[in-house]
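If you read the protein sequences in the order shown, they are chains A and B. Start counting the first sequence at 1; every next residue gets the next number (our numbering). Start counting the second sequence at 114; every next residue gets the next number (our numbering). In this text, a Cβ means the ideal position worked out from N, Cα and C, and glycines have one as well. One structure is given here, and the rest of the page talks about it.
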Amino acid sequence: GNSVTQMEGPVTLSEEAFLTINCTYTATGYPSLFWYVQYPGEGLQLLLKATKADDKGSNKGFEATYRKETTSFHLEKGSVQVSDSAVYFCALGGPNTGNQFYFGTGTSLTVIP
Amino acid sequence: GAGVSQTPSNKVTEKGKYVELRCDPISGHTALYWYRQSLGQGPEFLIYFQGTGAADDSGLPNDRFFAVRPEGSVSTLKIQRTERGDSAVYLCASSSTPGSIYEQYFGPGTRLTVT
Numbered sequence: 001g002n003s004v005t006q007m008e009g010p011v012t013l014s015e016e017a018f019l020t021i022n023c024t025y026t027a028t029g030y031p032s033l034f035w036y037v038q039y040p041g042e043g044l045q046l047l048l049k050a051t052k053a054d055d056k057g058s059n060k061g062f063e064a065t066y067r068k069e070t071t072s073f074h075l076e077k078g079s080v081q082v083s084d085s086a087v088y089f090c091a092l093g094g095p096n097t098g099n100q101f102y103f104g105t106g107t108s109l110t111v112i113p
Numbered sequence: 114g115a116g117v118s119q120t121p122s123n124k125v126t127e128k129g130k131y132v133e134l135r136c137d138p139i140s141g142h143t144a145l146y147w148y149r150q151s152l153g154q155g156p157e158f159l160i161y162f163q164g165t166g167a168a169d170d171s172g173l174p175n176d177r178f179f180a181v182r183p184e185g186s187v188s189t190l191k192i193q194r195t196e197r198g199d200s201a202v203y204l205c206a207s208s209s210t211p212g213s214i215y216e217q218y219f220g221p222g223t224r225l226t227v228t
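Below, the structure is given as structure tokens:
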């Protein structure tokens, strides 16, 4: 079946620290992988995506590389800001998942000045 | 442009009552999705519409849940005989292209509390 396992939080970092949020997946076939972000009081927004193995998605200083050999899509940012405080969701989708996205449980990030 | 909107933003109802939750997708988006997000969890798929028809309703938990999209735009999620376990945030998303490899745009959600 299809599933996403995401690093549990909450995560608290100081401003300018390095961020990694781990995400691994189980899927049939070749899914697309996504990171969504939910800022306080707002809806889910797409942060970045990768549609095939070895693709790197990037946006707003965040990066994630689709690693088929380790079935992973870890989110990284070199220097976090207070404004990055949010809940981050890893998700899986694609032709073999039908019309569904499979989401991880979310990782809450708080960045302190 | 306007994003996906959902009304109401909060709904408190008593156990056993009927509720309707509304979703207005982005204009022109043919694909519409409903998800349920319980506390501390990621969104879970409920149902997918392509146009007016429910193309995939495999995520609906039981026959108390039903959704419609009569004109291919606004959708309503209907829950009969609500139970306390139905308490969650109900999310709606729309997409210009069907199929989950494309970006889905999410609304802010309706928080349902069943007392």
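Could you tell me whether any non-hydrogen atom of the ligand ADP is closer than 7 Å to the CB of residue i?
i                     : result
residue 172 (chain B) : Annotation note on the ligand ADP: not contained in the displayed structure, which lists no ligands.
Beta-carbon of residue i versus every beta-carbon of chain A: anything under 8 Å?
i                     : result
residue 164 (chain B) : no
residue 196 (chain B) : no
residue 216 (chain B) : yes
residue 219 (chain B) : yes
residue 185 (chain B) : no
residue 158 (chain B) : yes
residue 141 (chain B) : no
residue 193 (chain B) : no
residue 153 (chain B) : yes
residue 222 (chain B) : yes
Strictly under 8 Å for the Cβ-Cβ distance: is residue i near chain B by that measure?
i                    : result
residue 78 (chain A) : no
residue 42 (chain A) : yes
residue 73 (chain A) : no
residue 62 (chain A) : no
residue 46 (chain A) : yes
residue 89 (chain A) : yes
To which residues does DSSP link residue i through a beta bridge?
i                     : result
residue 167 (chain B) : B:162
residue 56 (chain A)  : A:65
residue 182 (chain B) : Its beta-bridge partners do not exist; DSSP assigns none.
residue 140 (chain B) : Paired residue(s): none; residue 140 (chain B) is not in a bridge.
residue 13 (chain A)  : A:111
Please go through the same chain and pick out, in chain order, the residues whose beta-carbon is closer than 6 Å to the beta-carbon of residue i, but skip the five residues on each side of it.
i                     : result
residue 138 (chain B) : 117, 145 and 207
residue 24 (chain A)  : 5, 71 and 72
residue 165 (chain B) : 182 and 185
residue 59 (chain A)  : 47 and 48
residue 37 (chain A)  : 45, 47, 86 and 88
residue 191 (chain B) : 133 and 179
residue 9 (chain A)   : 107 and 108
residue 94 (chain A)  : 31 and 32
residue 76 (chain A)  : 20 and 63
residue 154 (chain B) : none
Please report the distance separating the alpha-carbon of residue i from that of residue j.
i                     : j                     : result
residue 199 (chain B) : residue 226 (chain B) : 8 Å
residue 152 (chain B) : residue 201 (chain B) : 7 Å
residue 71 (chain A)  : residue 135 (chain B) : 37 Å
residue 63 (chain B)  : residue 119 (chain B) : Nothing can be reported for residue 63 (chain B): it is not among the residues displayed for chain B, which extend from 114 to 228.
residue 228 (chain B) : residue 129 (chain B) : 9 Å
residue 56 (chain A)  : residue 74 (chain A)  : 10 Å
residue 27 (chain A)  : residue 2 (chain A)   : 4 Å
residue 103 (chain A) : residue 168 (chain B) : 20 Å
residue 177 (chain B) : residue 196 (chain B) : 10 Å
residue 105 (chain A) : residue 40 (chain A)  : 16 Å
residue 193 (chain B) : residue 100 (chain A) : 24 Å
residue 69 (chain A)  : residue 20 (chain A)  : 19 Å
residue 218 (chain B) : residue 84 (chain A)  : 20 Å
residue 53 (chain A)  : residue 66 (chain A)  : 5 Å
In its own chain, which residues sit with a C-beta less than 8 Å from the C-beta of residue i, not counting the 5 before and 5 after it?
i                     : result
residue 112 (chain A) : 12, 13, 14, 15 and 82
residue 124 (chain B) : 132, 134, 223, 224, 225 and 226
residue 122 (chain B) : 221, 222, 223 and 224
residue 126 (chain B) : 132, 195, 225, 226, 227 and 228
Give me, in chain order, the residues of the same chain whose beta-carbon lies closer than 7 Å to that of residue i; leave out the 5 immediate sequence neighbours on both sides.
i                     : result
residue 172 (chain B) : 157, 158, 159 and 160
residue 141 (chain B) : 209
Item checked: Contact the stretch 76-95 of chain A vs the stretch 31-50 of chain A: 3+ CB pairs below 8 Å -> The stretch 76-95 of chain A, when compared against the stretch 31-50 of chain A, does touch it at the 8 Å Cβ threshold.
Item checked: Residues, ordered as in the chain, of the stretch 96-112 of chain A that lie near chain C by beta-carbon distance below 9 Å -> Among the protein chains in the structure shown, which are A and B, there is no chain C.
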